[in-house]
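Notes for the one structure printed next.
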Amino acid sequence: MGFVAIKGGEDAIKHSLDLFEKEFIKKEVDSQIILDSMRLGIDRIMGEGSLYSPKLAAKALLKSSGDTFNAAFFLRAHRSSCQRIGQAKCVDTNDMRLARRISSAFKDIEGGQILGPSNDYQIKLLHDIKNNRAIDLKAYSNEDKKIRSALDALRDLGFIKTQKKDDKTDDITRVFPNPPYSRSAMMQAMCRGESGSMLGFAYTSMRGYGDIHPTIGDLRLGSIEIKFTHPLTKKEVKIGEIEATAVECVGEVEKQYDGSVKLNSGFGFCFGYNETKAICMGILDLNLYAIKHRENSTHFASSCEMILHHIDGVDSMGFSNHYKLPHYVTFQAILQVFEKAKHFTESQQETNNTQSQCIKEAQ
0 MGFVAIKGGE DAIKHSLDLF EKEFIKKEVD SQIILDSMRL GIDRIMGEGS LYSPKLAAKA
60 LLKSSGDTFN AAFFLRAHRS SCQRIGQAKC VDTNDMRLAR RISSAFKDIE GGQILGPSND
120 YQIKLLHDIK NNRAIDLKAY SNEDKKIRSA LDALRDLGFI KTQKKDDKTD DITRVFPNPP
180 YSRSAMMQAM CRGESGSMLG FAYTSMRGYG DIHPTIGDLR LGSIEIKFTH PLTKKEVKIG
240 EIEATAVECV GEVEKQYDGS VKLNSGFGFC FGYNETKAIC MGILDLNLYA IKHRENSTHF
300 ASSCEMILHH IDGVDSMGFS NHYKLPHYVT FQAILQVFEK AKHFTESQQE TNNTQSQCIK
360 EAQ
C-alpha cells in the first residue's frame, strides 16, 4: 500500500491536538464523576481494553471525549506497557458473590431469581418518573450469595455437553493465534471483543443466518476473588476482586461423536457488568462449537476465522481510520489507470467506428 510520509505538518498536528483538547475535553470534569455515573460504560471499556482498572478506564473515557473505541485503545496501549509479574489462578464463576442472578430456563432455582441492579424493566422515557416506594437497599448483602449454576443439576446428570479442554492455553496478548484456532484463543478474543460487533454477529445466527435460539440457563453478575501464587513465599494469596458477568446458555439437542445425545451449551464471560456482550459471547460459543455448525455450516457466526478477525474494536477502528492518512500515491495510481483505460476505450471506439465506416463504403 503506497503511503506518503507526512512532512512539514508537525505544527498543524500539535494545533489540532490542542484544539481537540480545548473543544472536547473539559478538565473541570472529575474522572471520579465519570466513574460513579457511567459505570456500565466503564465496564465496557475495561473489557474491550483488556485491562481491569476502573480508574484508568474513566481517565481514558475522559481523554477520548466519550469515544469508547478510542478509550479502549488508550487502555490497551497502556496495558502493553505494563510489566507482567505472573499468572493468576483460574477462577470458578460458581464462587462469585452474586449481585444479580437470573435464569430463563427454570422458574424455580436454588437461591431464587435475584433481579439485582438492572434497568431491563424500565419504561424508556427521558423524563423522570417519581418512585414513591420506600426501598431498603441495606437489607440485601451478597456476602453469602455464592450459588452454583442453575445448569449444574443437568450437568451432573450428563445431559449437557462438556467441551474438551485445550492441552495448552494460548495467550493472544503475546502471540496472535494461527489456525486451527484453539478454544482458549477464541474465548479470549471474544472476551475483549467489541460489544457491538459481537451483538451483530450473534444476531445473524438468531435471525436466520444460522440456527441458534438459545435459552439462558444461568446469568450472573457479581464479584469474584483473584488469587495469585506469591513469587517469594510460593503461597496462594488474594490480590483483589473484580466484578464480572458470566452466562451459560443452552442450545439444541445434538448427537455427539460418541453417539450420545446431549444439549449444547455456550459460555460467556467479561469484565464488569455487561450482560448483552456476555450473552452474545455465549451464543457465538454455541455457534462455533456445535457439531453441525462447525462441520456443515458456512454462516458468518459459525466461522472461527470470521469471528476472530472481525470483532476486535481496536483493530477495526484502526483499519477504518487509517484511510484518513495520506493516500496520494494509491489515489494517483487509480487516476492514472482510469485515464489510460478511458483513453484506450475512446481510441478503441474510434477505431471500431472507422472500420465500420470503411465496410459500409466498400459495400
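Each residue of the sequence shown is one higher than the one before, starting from 0 at the first, in numbering that gives the first Met the number 0.
Just so you know, even glycine gets a beta-carbon here, dropped at the ideal spot from N, CA and C.
Cut-off 7 Å between Cβ atoms - residues of its own chain near residue i, not counting five sequence neighbours on either side
i, result
"A57", "S30, I33, L34 and I41"
"I211", "S204, M205, G250, I282, L285 and N286"
"F23", "S64"
"G265", "P213, C248, G250, G281, I282, D284 and L285"
In DSSP terms, what residue i is bridged to
i, result
"A245", "R219 and F268"
"I171", "Note: I171 sits in no beta bridge, so no partner."
"F227", "V236"
"V260", "K254"
"R96", "S222"
"T214", "V249"
"I159", "L262"
"I108", "Beta-bridge pairing links I108 to no other residue."
"I310", "Answer by DSSP bridge pairing: none, since I310 is not bridged."
"I101", "L218"
"I113", "R100"
Cβ-based neighbour list, residue i, same chain, cut-off 6 Å, excluding 5 preceding and 5 following
i, result
"A88", "The identity of residue 88 in the sequence shown is Lys, whereas the question assumes Ala. Once the five neighbours on either side are set aside, the close Cβ partners of K88 are K226."
"F68", "G312 and M316"
"A245", "T92, R219 and F268"
"I215", "S103 and C248"
"I12", "none"
"D169", "P176, S181, S183 and A184"
"L153", "I159"
Inter-residue spacing [alpha-carbon to alpha-carbon] between residue i and residue j
i, j, result
"G1", "A340", "Residue confidence is low: G1 scores 44 on pLDDT, short of 50, so the model does not pin down where it sits. Its coordinate-derived value is still stated next. So the two alpha carbons sit approximately 21 Å from each other."
"I128", "G157", "48 Å"
"I146", "L18", "52 Å"
"G48", "P213", "28 Å"
"H14", "G8", "10 Å"
"V3", "F175", "Caution applies to V3, whose pLDDT of 47 falls short of 50 and renders its modelled position unreliable; the value that the coordinates give is listed next. Each residue's Cα considered, the two are about 29 Å apart."
"V236", "V90", "13 Å"
"D314", "A59", "17 Å"
"G110", "F270", "24 Å"
"E349", "E360", "17 Å"
"S82", "H321", "The sequence given here places Gln at residue 82; Ser does not occur at that position. Computed Cα separation, rounded: 29 Å."
"K163", "H77", "34 Å"
"N352", "H342", "15 Å"
"V336", "Q354", "27 Å"
"E345", "E338", "11 Å"
"P325", "D10", "17 Å"
"I238", "T228", "10 Å"
"K25", "L55", "17 Å"
"K167", "H126", "53 Å"
"A300", "Q347", "48 Å"
"K233", "M305", "42 Å"
"V252", "S259", "10 Å"
Residue closest to residue i, alpha-carbon to alpha-carbon, out of the options
i, options, result
"C279", "F270, K261, F200 and H326", "F200"
"V249", "S319, D151, D166 and R173", "D151"
"I282", "I24, M189, K234 and H342", "M189"
"D257", "R78, C81, L97 and T161", "T161"
"P116", "L324, G221 and L334", "G221"
"F318", "D169, K234 and F72", "F72"
"K105", "T228, A300 and D217", "According to the sequence provided, residue 105 is Phe. The question's Lys does not apply to it. Comparing Cα positions, the closest option is D217."
"N118", "K323, E274 and S301", "E274"
"D66", "S259, I238, R43 and S79", "R43"
"S79", "K54, K233, R173 and A300", "R173"
Cut-off 8 Å between Cβ atoms - residues of its own chain near residue i, not counting five sequence neighbours on either side
i, result
"V28", "L61"
"I171", "A184, Q187 and A188"
Beta-carbon spacing of residue i, residue j below 8 Å
i, j, result
"D155", "S183", "no"
"M45", "S52", "yes"
"L307", "M185", "yes"
"K123", "S194", "no"
"D94", "I241", "no"
"K261", "I159", "yes"
"A243", "N263", "no"
"R99", "I113", "yes"
"A149", "S102", "yes"
"L39", "Y327", "no"
"L97", "R75", "no"
"C303", "Y180", "yes"
"G85", "P178", "no"
"G192", "I333", "no"
Residue i CB to nearest heavy atom of the ligand PLP below 7 Å
i, result
"I33", "As presented, the structure is devoid of all ligands, the ligand PLP included, so that no description of it is given."
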